[in-house]
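Chemist: Structure provided below as structure tokens; questions to follow.
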Amino acid sequence: MADEQPVPHDRGHELWTVEGGASRKLLASIDRWVSALVGDDGIDMPLSSRSEQVDATIVARQDGLIVGCAAVDYMLQIWAPSVRISWFAGDGKRVSEGDEIASLSGDRDSLLIIERPILNMLGQLSGIATNAKRWSAIAPKQIACTRKTVWGLLDKWAVHMGGGLSHRLSKTDALMIKENDLASMH
185 MADEQPVPHD RGHELWTVEG GASRKLLASI DRWVSALVGD DGIDMPLSSR SEQVDATIVA
245 RQDGLIVGCA AVDYMLQIWA PSVRISWFAG DGKRVSEGDE IASLSGDRDS LLIIERPILN
305 MLGQLSGIAT NAKRWSAIAP KQIACTRKTV WGLLDKWAVH MGGGLSHRLS KTDALMIKEN
365 DLASMH
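When you number the sequence shown by the numbering used here, it's gap-free, plus one each residue, and the end is 370.
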């Protein structure tokens with residue numbers, strides 16, 4: 185029906201569109217999570233090194249969807265500006281085991297330090313998107329993620345990219361009366 189309103193579970197368009205890519209809301213979430221990821225690896229300022237230039241390749245370890253390229257691009261832009269990446273598969277694209285996903289070049293020290301946060305970001309989000317795609321293919325109805333996700337909007341973005349519904353992005357998206365809401369009224 186043309187005049188139907190989208191269900192409250194369908195907020196993926198507020199995070200990502202094919203035409204525009206990542207929204208400001210998603211970019212703000214990417215900023216927070218990238219800062220946390222690199223901070224957990226001891227990176228507290230942008231990497232700078234004059235070590236020898238090296239090349240590296242990211243290769244898919246299994247079949248699935250790639251999600252997280254926009255986040256990795258942001259990570260490199262801010263935290264490892266000397267590292268360059270060229271994507272062979274972009275956000276939402278299907279890859280097979282052994283496919284080259286991206287090539288990187290830059291100074292050895294920066295590349296070795298930023299490697300783990302890059303792979304963690306791609307692994308987490310690609311895994312969620314791949315599983316959302318699998319579940320969507322076998323579920324009798326469209327699937328939706330919970331509001332309680334570990335990486336918040338990034339996880340919801342991955343579910344959206346995998347074909348699932350993003351559920352609510354915040355409590356303001358739809359009315360949901362919970363036990364604590366009722367308890368606070370007394």
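In this text, a Cβ means the ideal position worked out from N, Cα and C, and glycines have one as well.
Measuring CA to CA, which of N304, L231, G347, S207 is closest to R278?
Modeler: Of the listed residues, the one whose Cα sits closest to R278 is G347.
Chemist: Should the segment 215–232 be regarded as contacting the segment 256–267, the criterion being three or more beta carbon pairs within less than 8 angstroms?
Modeler: Enough Cβ pairs lie closer than 8 angstroms, so yes.
Chemist: Is the beta carbon of R292 sitting closer than 9 angstroms to the one on S235?
Modeler: Yes. Within cutoff.
Chemist: What's the gap between the Cα of I214 and the Cα of L199?
Modeler: Their Cα atoms are separated by approximately 11 angstroms.
Chemist: What residue does the alpha helix (DSSP H) around G307 start on, and which one ends it?
Modeler: Segment 292–322, the alpha helix (DSSP H) holding G307.
Chemist: Mind checking G205: buried by the 16 CB within 10 Å criterion, or exposed?
Modeler: Exposed: under 16 other Cβ atoms inside 10 Å.
Chemist: In terms of residue numbering, what span does the beta strand (DSSP E) encompassing Q237 cover?
Modeler: 237–243 is the span of the beta strand (DSSP E), which, as asked, contains Q237.
Chemist: Whole angstroms is fine: what's the gap from S219's alpha carbon to I298's?
Modeler: Approximately 12 angstroms between the Cα atoms of the pair.
Chemist: Measuring only from the beta carbon, is M305 closer than 8 angstroms to any heavy atom that is part of the ligand NAP?
Modeler: The ligand NAP is absent from the structure shown, which contains no ligands of any kind.
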